[in-house]
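Residue numbers (the numbering used here): 33 to 974.
Here it is as structure tokens:
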């Protein structure tokens, strides 16, 4: 006797009621046209559907159940199943499914092959393209991941002999009558993996799922019964279902372990998603993990249902799990690379020779530095002697300067710590290495930046040389400005990656790290970079690169997170513009150039150092020399200005805009004074903004040399003249060390006496009060903790502070008592503050007033009880306390919580950017499939 068949059709008023009605009409017409007559048809209408009763009557539906629109597919089937007689097998359909006339007969035939067949599964094909398979069975991995077996394949009958599968799509399944009680759809799965779960439970109950490839059902992709619409909603449903099934299937003793691992697993998969360049999945992972984490009742119901009807073990499921070969076939992006490897021509095109030439020039110009243990002068300071000390200065917490300063560290401190960690044996020596390698690294960065604008070897070498010999870099090298040097070296790499950030997450992640480094070394570039970023976002929108918008937006996220504590602190003080202060040591007296000299690319009043190179006795007036020297920048400027008139005017105009942003930033910087050095205001260094302008000018000139409608020899001559003029400008800077005309000095390895360094070795809480006499007879005082003042220990919050704090008052009062002899308990006060030493700094050539103040201070301190005079040192006169001072006060509970939150946020965003930037095989193949040079065609439209 043939089985009684009852169809359940779930309809939902998605989109519009009329659309749902039309889909339902076609589905009911298809059920009515079956070669084997159905015994009954029940329609479950979720929401209001137009002309429902009329459609059901014409379509032959025997029952109509109305349910709210929020009713899920599983809940709708459950409502209908309650009214279906127990002796009937049920056929699960939804609106938009159109079974061919022989579908139910084929399914019933599969069900009647034997009593072990609990479910018969059809072949689902695309309603828009019936030759393409939507689903024909599914499997799962060892860890529960659902694996489709034939999705997306062309239907050529290749699977028509398949029979046994682990599960199938829920749409079109025919469930045997005597198995209905055991095979109830699990509503907790949320519309994903429902057919797979039924198949697994059937296997555990001693039954199986049989395929019926002859039963073809056309389905609408994304229709009722399919996964939710939208990539994120689909991913959330699939991941939630997988985690739920994992807890439902696990042995009882393993459930607590799986539950405890939900959040660690989400963290691991977050890192995997970032490496795989799928950042949109991160929120999905965490949302799914938290959802399953609190579903105790749903998990208990699912496990109870399995336990009640289970008659076999997982050995009945294992043979049908997806194999490694099936996984590779389904998900591997392929091992054959159809795109031939591209050679950028770094070695064959002269790039390597240019870098080696730059190294030779740098060694010749800075040869004496190789014999120095550390680099000093200008804004240079020693680095901490240990890796731990380097990174301690980069964290939120107590600062190594000030009495009890607890603030955020400058991002520049992390950059310094990273550089110093490269050579842990002697971190300070890395500054010397940086100085020696600055010019060849500038050539390398400029050459790679040029690959985005030209594929001509000569043009790329031109950019590398012109950028490496820029007056801004040489001025920073001779003046001892490490932040400016790092900015100049990082900018071309930031351009190289940010220019194609819309193409891939790998480029976006790398660019975000480089922009963080640029802004860490030069916060004053933030306005110019912000404008460039807004333009890039708008261009991405105009090019309709929807996938690229999020990648471009990400560019500034790491920098925003890392600078948030600094910006918040400055806003709290009412000094928001102080967030743009130059990091590191505040060095005064760099003599900024006039506006027109800045516009020519020179950051100081002495253009490229030529005035001091020629000397005051040169027979030409200095004002005339300034104009003559500035003219040497004209060839490069003319080539840059011609770029918008070339065939690639879009790229040329963008690069000229970048140049203008840099020039505007430099002109604005010299008028901004937010930091102080010994009480004197210090303007921002304009050279970092000029580095941006110089990069834009070099690249714009490269566009002109690449595509200008001029004969080849003329373009070669123009490029040669421009780079020769830049080389002439570089002569004073390259010879400054040999002529002893640079601010660089041999060391020091410590700014404190060696006696203090020996006491403070391994103890960062040894405090020293440093007193310095000023020319007007007053004194300045500051507190230093540890072995020395360090470059990474400097703080822009301290350098820009305009408010006199309680700690400042205490230090001022204590210093006044020490040098004037008005207090008898000065030593006790020092001990209360945790300070062990007092250093009267040797200021070199002192004014009469300063010398008098110093002598009075020495006399006053010598006459006090509680002080032991160590003696005269290279850094000045040193005293120590007779008694041991109190321990330095640690962080409060609130400060520890703040420090932990800041560290967690900064580490998380940094890790995310690093993982995004890690190249994978797929990302490299995708990159090779895109042109390196920008502005050729409209490949960025995607």
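Just so it is clear, CB atoms sit at the ideal spot from N, CA and C, and this is done for glycine as well.
### Message
What does DSSP give as the partner residue(s) for residue 800 in the beta ladder?
### Response
Within the chain shown, the letter at position 768 stands for residue 800. Answer is 816 and 869, bridged to residue 800.
### Query
Touch check for the segment 799 to 809 and the segment 416 to 425: three-plus C-beta pairs under 8 Å?
no
### Query
Expressed to the nearest angstrom, what Euclidean distance is found between the alpha-carbon atoms of residue 38 and residue 136?
Here residue 38 corresponds to residue number 6 of the chain shown, with the count starting at 1. Here residue 136 corresponds to residue number 104 of the chain shown, with the count starting at 1. Those two C-alpha atoms are separated by around 10 Å.
### Message
Threshold first: 3 residues or longer. Then list the beta strand (DSSP E) segments lying entirely within the segment 698 to 728, N to C.
### Response
705 to 709 and 712 to 715
### Query
Helix, strand or coil: how does DSSP classify residue 520 here?
Within the chain shown, the letter at position 488 stands for residue 520. Helix, per DSSP.
#### Entry: Backbone CA spacing between residue 370 and residue 378 [nearest angstrom]
Mapped onto the chain shown, residue 370 falls at position 338. Mapped onto the chain shown, residue 378 falls at position 346. With a pLDDT of only 43 at residue 370, under the threshold of 50, the placement of this residue in the model should not be trusted; the figure read from the coordinates follows. Going from the Cα of residue 370 to the Cα of residue 378 covers about 23 Å.
### Per-residue DSSP class, three states only, for residue 130
As a working mapping, residue 130 is identified with position 98 in the chain shown. Reduced to three states, the DSSP call for residue 130 is strand.
### Query
Is it right to say residue 360 is buried, meaning 16 or more other beta carbons lie within 10 angstroms of its own, or is it exposed?
Counted from its first residue, the chain shown places residue 360 at position 328. By the 10 Å Cβ count, residue 360 comes out exposed.
### Message
With DSSP as the reference, identify every bridge partner of residue 940, one or two as the case may be.
### Response
Taking the first residue of the chain shown as 1, we reach residue 940 at position 908. In the DSSP output, where bridge partners are listed per residue, residue 940 has none listed.
### Close-in-space but distant-in-sequence residues of the same chain around residue 348 (CB under 6 Å, 5 per side omitted)
Position 316 of the chain shown, counting from 1, holds the residue named residue 348. Here the set comprises 235.
### Message
Suppose contacts are defined by Cβ-Cβ distances below 8 Å. Is residue 689 in contact with residue 630 by that definition?
### Response
For the purposes of this step, residue 689 is taken as residue 657 along the chain shown, with counting starting at 1. For the purposes of this step, residue 630 is taken as residue 598 along the chain shown, with counting starting at 1. Taking 8 Å as the Cβ cut-off, residue 689 and residue 630 do not qualify as a contacting pair.
### Message
Taking the alpha-carbon of residue 213 as reference, which of 651, 852, 338 and 785 has the nearest alpha-carbon?
### Response
Within the chain shown, numbered from 1, the residue matching residue 213 stands at position 181. Residue 338 is the option with its Cα nearest to residue 213.
### Message
Residues in the same chain with beta-carbon distance under 7 Å from residue 434, minus the five sequence neighbours each way, listed in chain order, please.
### Response
On the chain shown, position 402 is the one that residue 434 refers to. Once the five neighbours on either side are set aside, the close Cβ partners of residue 434 are 815, 830 and 839.
### Query
In or out: residue 140 buried (at least 16 other Cβ within 10 Å) or exposed?
To locate residue 140, count along the chain shown from 1; it is residue 108. It is buried - the Cβ of residue 140 has at least 16 other Cβ atoms within 10 Å.
### Query
Who are residue 810's beta bridge partners in DSSP?
Position 778 of the chain shown, counting from 1, holds the residue named residue 810. According to DSSP, residue 810 bridges with nothing at all.
### Message
Here's a check: name, in chain order, each residue in its chain whose Cβ is nearer than 8 Å to the Cβ of residue 919, leaving out the five neighbours to either side.
### Response
To locate residue 919, count along the chain shown from 1; it is residue 887. So the list reads 797 and 866, once near-sequence residues are dropped.
### Three CB pairs or more closer than 8 Å across the segment 195 to 214 and the segment 235 to 246
yes
#### Entry: Nearest-angstrom Cβ-Cβ length linking residue 733 and residue 754, presumed shorter than 8 Å
For the purposes of this step, residue 733 is identified with residue 701 of the chain shown, where counting begins at 1. For the purposes of this step, residue 754 is identified with residue 722 of the chain shown, where counting begins at 1. About 6 Å separates the two Cβ atoms, so the contact holds.
### Query
Using 8 Å as the Cβ pair cut-off and three pairs as the minimum, do the segment 704 to 723 and the segment 453 to 461 touch?
no
### Query
For residue 278, which residues from the same chain have a beta carbon less than 8 Å from its beta carbon, with the 5 sequence-adjacent residues on both sides left out?
Here residue 278 is taken as the residue at index 246 of the chain shown, counted from 1. The residues are 175, 176 and 290.
### Task
Check the Cβ-Cβ distances between residue 959 and every residue of chain C, and say whether any is below 8 Å.
Of the chains in the structure shown, none is chain C; there is only one protein chain.
### Query
Relative to the alpha-carbon of residue 110, which residue among 35, 218 and 62 has its alpha-carbon at the smallest distance?
Position 78 of the chain shown holds residue 110. Out of 35, 218 and 62, 218 has the C-alpha closest to the C-alpha of residue 110.
#### Entry: C-alpha distance - residue 445 paired with residue 430, whole-angstrom precision
In the chain shown, residue 445 corresponds to position 413, counting from 1. In the chain shown, residue 430 corresponds to position 398, counting from 1. Distance between the alpha carbons of residue 445 and residue 430 is about 14 Å.
### Query
Along the chain, where does the beta strand (DSSP E) that runs through residue 904 open and close?
For the purposes of this step, residue 904 is identified with residue 872 of the chain shown, where counting begins at 1. Residue 904 -> beta strand (DSSP E) spans 899 to 905.
### Query
Leaving out the 5 sequence neighbours to the left and right, which residues in its chain are closer than 8 Å to residue 469 when beta-carbon positions are compared?
On the chain shown, residue 469 is found 437 positions in, with the first residue counted as 1. Excluding sequence neighbours, residue 469 sits near 391 and 394.
### Query
Is it the case that the Cβ atoms of residue 765 and residue 507 are separated by a distance below 8 Å?
In the chain shown, counting from the first residue as 1, residue 765 sits at position 733. In the chain shown, counting from the first residue as 1, residue 507 sits at position 475. Contact flag set, yes.
#### Entry: Between the CA atoms of residue 307 and residue 367 - distance to the nearest angstrom
Taking the first residue of the chain shown as 1, we reach residue 367 at position 335. Taking the first residue of the chain shown as 1, we reach residue 307 at position 275. Note that residue 367 scores 44 on pLDDT, short of 50, meaning its location in the model is unreliable; the coordinates nonetheless yield the value given after this. Whole-angstrom Cα-Cα distance: 19 Å.
### Query
How about residue 780 and residue 406: are their beta carbons less than 8 Å apart?
Working through the chain shown from its first residue, we reach residue 780 at position 748. Working through the chain shown from its first residue, we reach residue 406 at position 374. In this structure, residue 406 lies closer than 8 Å to residue 780 by Cβ.
### Message
By alpha-carbon positions, which one of 880, 527, 711 and 924 ends up nearest to residue 729?
### Response
Translated into the one-based positions of the chain shown, residue 729 becomes position 697. For residue 729, the nearest C-alpha among the options comes from 527.
#### Entry: Rounded distance between the beta-carbons of residue 152 and residue 206, thought under 8 Å
Position 174 of the chain shown, counted from the start, is the residue given in the question as residue 206. Position 120 of the chain shown, counted from the start, is the residue given in the question as residue 152. Yes, residue 206 and residue 152 are in contact; Cβ-Cβ is about 4 Å, under 8 Å.
### Query
Can you name, in chain order, every residue of its own chain whose Cβ lies under 6 Å from the Cβ of residue 710, other than the five neighbours on each side?
If you number the chain shown from 1, residue 710 lands on position 678. So the list reads 812, once near-sequence residues are dropped.
### Query
Between residue 300 and residue 271, what straight-line distance do the alpha-carbon atoms span, to the nearest angstrom?
The residue you call residue 300 lines up with position 268 of the chain shown. The residue you call residue 271 lines up with position 239 of the chain shown. If I take the Cα positions, the gap works out to 14 Å.
### Query
Three or more C-beta pairs closer than 8 Å, one from the segment 54 to 63 and one from the segment 91 to 102: is that the case here?
yes
### Endpoints, the beta strand (DSSP E) within which residue 250 is located
Stepping through the chain shown from its first residue, residue 250 is reached at position 218. First-last of the beta strand (DSSP E) with residue 250: 240 to 251.
### Task
Taking only the alpha-carbon atoms, compute the straight-line gap between residue 424 and residue 782 and give it to the nearest angstrom.
Within the chain shown, the letter at position 392 stands for residue 424. Within the chain shown, the letter at position 750 stands for residue 782. In a straight line, the C-alpha of residue 424 is about 18 Å away from that of residue 782.
### Task
Given a cut-off of 8 Å, decide if residue 65 and residue 155 are closer than it, judged by their beta-carbon atoms.
The sequence position of residue 155 within the chain shown is 123, counting from 1. The sequence position of residue 65 within the chain shown is 33, counting from 1. Not in contact: residue 155 and residue 65 (Cβ atoms no closer than 8 Å).
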